[in-house]
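*Asks:*
4 protein chains.
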Amino acid sequence: MGVYKTIREEAFEANLEIKRRGLAIYTWGNASAFDPDKGIFAIKPSGVEYDELTPKKMVLVDLEGKVIGGELNPSSDTKTHLVLYREFKGIRGITHTHSPYAAAWAQAGKPVPVFGTTHADHCGREIPCTEYINPEAVKNNYELETGNLIAETFKKGNLDPVQITMVLTAGHGPFTWGTSAAQSVYHGVILEEICKMALFTIMIDSNAKPLPEHIIKKHWERKHGPDAYYGQ
Amino acid sequence: MGVYKTIREEAFEANLEIKRRGLAIYTWGNASAFDPDKGIFAIKPSGVEYDELTPKKMVLVDLEGKVIGGELNPSSDTKTHLVLYREFKGIRGITHTHSPYAAAWAQAGKPVPVFGTTHADHCGREIPCTEYINPEAVKNNYELETGNLIAETFKKGNLDPVQITMVLTAGHGPFTWGTSAAQSVYHGVILEEICKMALFTIMIDSNAKPLPEHIIKKHWERKHGPDAYYGQ
Amino acid sequence: MGVYKTIREEAFEANLEIKRRGLAIYTWGNASAFDPDKGIFAIKPSGVEYDELTPKKMVLVDLEGKVIGGELNPSSDTKTHLVLYREFKGIRGITHTHSPYAAAWAQAGKPVPVFGTTHADHCGREIPCTEYINPEAVKNNYELETGNLIAETFKKGNLDPVQITMVLTAGHGPFTWGTSAAQSVYHGVILEEICKMALFTIMIDSNAKPLPEHIIKKHWERKHGPDAYYGQ
Amino acid sequence: MGVYKTIREEAFEANLEIKRRGLAIYTWGNASAFDPDKGIFAIKPSGVEYDELTPKKMVLVDLEGKVIGGELNPSSDTKTHLVLYREFKGIRGITHTHSPYAAAWAQAGKPVPVFGTTHADHCGREIPCTEYINPEAVKNNYELETGNLIAETFKKGNLDPVQITMVLTAGHGPFTWGTSAAQSVYHGVILEEICKMALFTIMIDSNAKPLPEHIIKKHWERKHGPDAYYGQ
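Chains as they are written, first to last, in the working numbering: chain S, 1 to 232; chain E, 1 to 232; chain Z, 1 to 232; chain F, 1 to 232.
As structure tokens, this is what we get:
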């Protein structure tokens, strides 16, 4: 496995964590780990169960989509990962699943309002949701265009992918990312919990109001601001 | 067990998988495995807990409903399986459960709209739901007529049981099938997940719209079309 | 433990099953086993965690409510059990829990409609729900009067407790019974599942219609009628 | 660990129980144990996973907020705990989590009505919910002011924290307390179950009525009144 040992192991561990955390049944999720110096990422092979994965089975892909290592086909979602690594500077891991609460918000095509501090601790605004991907984009290069759609959603909304590490693709499901493959899964778990709480909240009050801006800001900044003091 | 060793073992494994995947409590589910060359299927014995099953306890039944092997009574739903094996050419396994989300859609008597790609990956249209079975059919031969009702629902709707491997029987629950007993349980798990996500989706937006047709088609075809590239 | 060895062991096993099946947290459920010849039942001691139970700790109580064996106080709900053993001839086990779906229907004060065959397999009509217990009854002898309220609900509704083995007490929770302590817990598990499915059903369609009577009758009778053929 | 051995061990055990009971993922909950004679409490260190905790890692803090023992930073919520120990005489343990059903009621900003006896057994009135914390309080000293907000909510509502051991902070989540750290987690588990049942109840009937006062009183008093007889 040579020089790519680390990202393969990172990707392997992150894919196992998807299963351990209950984010996916069967093969319904994939994680990748990126080495920005080499421009290479390691990603789950397509259609292989989590129990059968090994670090060596992780597929190495460059930012043009060329497989440069591994004997299996990379995940069908590889080109979406690729675009996000190209467009979102500074990220080093991506996770995609069909976790049910996040998928439901994606299926409803709705951004998730900031109803509480659990959300604000991890994302200082509503979780963005893309438009449905258009027919032409599907025809051209579906998975690549899914990445473009996410990137455009961030550009249009003037969103910073370093601060907003989660997105819903309309009618599909969540993508999350972070400074490592492990952190991208961590954000996937958190997104699922935020989406569950948000669903419960609107069931209690279908007109529930978002958290006031001063509390959102406080929670975000005590964890992520320049004077952060949350955690060790 | 002689020449039927394989289908008995297949049926045995599929019934255990029903339990492992949480699709049934007590004895609320049954799976069968079919040998089309011999016209024989192996099915769970009636009223026996999953923990007490052995391959040998699987009951062998022919397509007239005659028990040709095994010491226990076959599942009460045997005649429904039988009709489906007769009517749906090419299927080799059937699973019936009362998994709660699928049963709830069946109880509401509603087909499940294609709200997202999770659904479209496994079924390219809404999950069909039969009418309630009529009083005469119940009187004549209830379980056999349940099979007929499913078959008629497919004929009327011009549905292909090779592509649409799932149905809800109104007021009752799901039947799923496939090219093996194992695949029929797999489809049962997926149907339950689709039904859960669909319920969550309409709780977020009671007017949630189905996925646009071009995305449904793409997802179905990348897995099942002539140029499928999803999975290994 | 002498002649009461069996009912103590039965009650012990049934109480453990409450926990195993997830019907109760902490001490929120109790089961008893009745010996109709001796007019004695064994019941869970009050306030003792399931993990600390032994057959010997089960408390023996007669139908006047007198403790005739055991060193601990019997469950606070003992007098409710007692009345049901007196009033409902033929039952030999009772289970009471606060399982969340059944408790929610009880809290809403609503009988559970027969939405599907899962329900009809185990109860041929809606699950009855009592009125709220009145202030005088609470003052007099709360737990005994809870038993009376259940018995009156059955008398008024002309319900047969041998066929309808489940009730919701308004604002409180479920009581279930059967021909053994084990069967009473089994009915508790089934009631919880029925209540869960019924909740999901009205979330899909708030105007969901009950199952037509001919299907209810068929499902009940194939399991419980004179010509029952369901199960071995 | 010297003289603080007990409260460190108590706090340690209570934090583990938060995880065992499923009240928190990652580090989303903290418990503390208080010694009123010394005016010192032991609390979870900030940002440390439950699996990595040891009694020695618990941080000792006095009622001015000064760390007097331990090498790690105390939980970010330390000042909220501190205020509650100051204001609520007689309490010796506090638990804060983001358990999803309780958090959802907090996010909806609604007190939880007493829909049933499960609730009345543990709290004789609706679970109070604070107002949103105001901008000035957030600016000054957020976590300390969260404690003040809870204390004021109790003063204004004329609520007794010995009897009402649970509160929701609007847009945030639950705080529970008790006569020990262990009891504060126990109340956290119960609050989550009450909130779950209450959500299910209003899904069955959005106009569900609270339990009549005479039943609330009876259930509260048989467990907590001068003539309590519930439990051993």
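Note that beta-carbon positions come from the ideal geometry of N, C-alpha and C, so glycine has one too.
Source: prediction; values computed, not measured.
Could you tell me which chain F residues have their CB closer than 7 Å to the CB of Gln107 (chain Z), listed as they occur along the chain?
*Replies:* Correct list: Phe115, Gly116, Met197, Thr201 and Ala208.
*Asks:* Which residues bound the beta strand (DSSP E) around Pro226 (chain Z)?
*Replies:* Run containing Pro226 (chain Z): none; DSSP gives neither H nor E here.
*Asks:* Whose C-alpha, out of E:Ile194, E:Val185 and E:Glu131, is nearest the C-alpha of Val112 (chain E)?
*Replies:* Per the Cα distances, E:Ile194.
*Asks:* Note the first and the last residue of the continuous alpha helix (DSSP H) segment covering Gly47 (chain Z).
*Replies:* Segment: none, Gly47 (chain Z) is in no alpha helix (DSSP H) and carries neither H nor E.
*Asks:* Report the partner residues of Ala33 (chain F) according to the DSSP bridge assignment.
*Replies:* Its beta-bridge partners are F:Ala42 and F:Gly93.
*Asks:* At which residues does the alpha helix (DSSP H) containing Trp177 (chain F) begin and terminate?
*Replies:* No alpha helix (DSSP H) contains Trp177 (chain F), which is instead part of the beta strand (DSSP E) from Gly173 to Gly178.
*Asks:* Under the assumption that Ser32 (chain F) contacts Ala181 (chain F) (Cβ atoms under 8 Å), give the Cβ distance between them as a whole number of angstroms.
*Replies:* Sure, about 7 Å apart at Cβ, within 8 Å.
*Asks:* Can you name the residues of chain F whose CB is closer than 7 Å to the CB of Pro103 (chain Z)?
*Replies:* Here residue 103 (chain Z) turns out to be Ala, not Pro, going by the sequence shown. Within chain F, the residues near Ala103 (chain Z) are Gly116, Thr118 and Met197.
*Asks:* Output the boundary residues of the beta strand (DSSP E) element that contains Val167 (chain F).
*Replies:* Run containing Val167 (chain F): Met166 to Thr169, per the beta strand (DSSP E) assignment.
*Asks:* From Phe236 (chain S) to Gln107 (chain E), what does the alpha carbon distance come to, in whole angstroms?
*Replies:* Beyond the ends of chain S as shown, which are 1 and 232, falls residue 236 (chain S); an answer cannot be given.
*Asks:* Roughly how many angstroms separate the alpha carbons of Ala102 (chain E) and Ile190 (chain E), rounded to a whole number?
*Replies:* The alpha-carbon atoms of Ala102 (chain E) and Ile190 (chain E) are separated by roughly 10 Å.
*Asks:* Cα separation between Trp17 (chain F) and Ala11 (chain F)?
*Replies:* Note that residue 17 (chain F) is Glu in the sequence shown here, rather than Trp. Taking the straight line from one Cα to the other gives about 10 Å.
*Asks:* For Ile150 (chain S), list the residues DSSP reports as bridge partners.
*Replies:* In the DSSP output, where bridge partners are listed per residue, Ile150 (chain S) has none listed.
*Asks:* Using 7 Å as the threshold, is the C-beta distance between Gly171 (chain S) and Ile216 (chain E) below it?
*Replies:* Cβ distance not < 7 Å, so Gly171 (chain S) and Ile216 (chain E) don't count as in contact.
*Asks:* Taking only runs that begin and end inside the segment 106-159 of chain F, name each unbroken alpha helix (DSSP H) of 4 or more residues, in chain order.
*Replies:* The segment 106-159 of chain F contains these whole alpha helix (DSSP H) runs: 117-120 and 135-156.
*Asks:* Apart from the five residues just before and just after Asp121 (chain Z), which ones in its own chain have a Cβ nearer than 8 Å to its Cβ?
*Replies:* These residues qualify, in order along the chain: His219, Trp220, Lys223 and Tyr230.
*Asks:* Starting from Ala22 (chain S), trace the alpha helix (DSSP H) in both directions and tell me its first and last residue.
*Replies:* The identity of residue 22 (chain S) in the sequence shown is Gly, whereas the question assumes Ala. Taken as a continuous stretch (DSSP letters only), Gly22 (chain S) belongs to no alpha helix (DSSP H), as it is neither H nor E.
*Asks:* Using the beta-carbon of each residue, which ones in chain Z are nearer than 9 Å to Asp37 (chain F)?
*Replies:* None at all; the shortest Cβ gap to chain Z is about 29 Å.
*Asks:* Evaluate contact between the segment 66-85 of chain Z and the segment 130-138 of chain Z, counting only Cβ atoms and requiring at least three cross-stretch pairs below 8 Å.
*Replies:* Judged by Cβ distances under 8 Å, the segment 66-85 of chain Z makes no contact with the segment 130-138 of chain Z, as fewer than three pairs qualify.
*Asks:* Looking at chain Z, is there any beta carbon in it that lies within less than 7 Å of the beta carbon of Gly93 (chain E)?
*Replies:* Answer no: the Cβ-Cβ gap between Gly93 (chain E) and chain Z never drops below 7 Å.
*Asks:* In chain Z, which residues lie with their C-beta within 9 Å of the C-beta of Ile25 (chain E)?
*Replies:* Correct list: Arg21, Val189, Ile190 and Glu193.
*Asks:* Does Leu60 (chain Z) come out as helix, strand or coil in the three-state DSSP assignment?
*Replies:* Looking at Leu60 (chain Z) - three-state DSSP - the assignment turns out to be strand.
*Asks:* Can the beta-carbon of Thr97 (chain F) be found less than 7 Å from the beta-carbon of Gly188 (chain F)?
*Replies:* In contact: Thr97 (chain F) and Gly188 (chain F) (Cβ atoms closer than 7 Å).
*Asks:* For Gly69 (chain F), which beta-bridge partners are listed by DSSP?
*Replies:* Note: Gly69 (chain F) sits in a beta bridge opposite F:Leu60.
*Asks:* Helix, strand or coil for Pro210 (chain S)? Go by DSSP, reduced to three states.
*Replies:* Reduced to three states, the DSSP call for Pro210 (chain S) is coil.
*Asks:* Using a 10 Å radius around the Cβ and a threshold of 16 neighbouring Cβ atoms, would you call Arg125 (chain S) buried or exposed?
*Replies:* Its Cβ being crowded by 16 or more others within 10 Å, Arg125 (chain S) is buried.
*Asks:* Grouping DSSP H, G and I as helix and E and B as strand, with all else coil, what is Pro161 (chain F)?
*Replies:* DSSP places Pro161 (chain F) in coil when its eight states are reduced to three.
*Asks:* Which partner residues does Pro74 (chain F) have in the DSSP bridge list?
*Replies:* Pro74 (chain F) pairs with F:Pro45.
*Asks:* Roughly how many whole angstroms lie between the Cα atoms of Gly157 (chain E) and Cys129 (chain E)?
*Replies:* Distance between the alpha carbons of Gly157 (chain E) and Cys129 (chain E) is about 11 Å.
*Asks:* By DSSP, does His187 (chain E) sit in helix, in strand, or in coil?
*Replies:* Residue state, collapsed to three classes: helix.
*Asks:* Do we get a CB-CB distance below 7 Å when we pair Gly47 (chain Z) with the residues of chain F?
*Replies:* Closer than 7 Å: yes.
*Asks:* Quick one, which residues of the segment 68-80 of chain E are near chain Z if we go by CB-CB under 7 Å, in chain order?
*Replies:* Residues passing the 7 Å Cβ filter: Leu72, Asn73 and Ser76.
*Asks:* Comparing C-alpha positions only, which one of F:Pro100, F:Val48 and F:Gly93 sits nearest to Pro161 (chain F)?
*Replies:* Nearest C-alpha to Pro161 (chain F): F:Gly93.
*Asks:* From Ala14 (chain F) to Met58 (chain F), what distance separates their C-alpha atoms?
*Replies:* Those two C-alpha atoms are separated by around 11 Å.
*Asks:* Would His96 (chain F) pass as an interface residue toward chain S - the criterion being a Cβ-Cβ separation below 7 Å?
*Replies:* So no, His96 (chain F) is outside the interface.
*Asks:* Counting only Cβ-Cβ distances shorter than 7 Å, please list the residues of the segment 115-149 of chain Z near chain F, keeping chain order.
*Replies:* Per Cβ criterion, the list reads Tyr132, Ile133, Pro135, Val138 and Tyr142.
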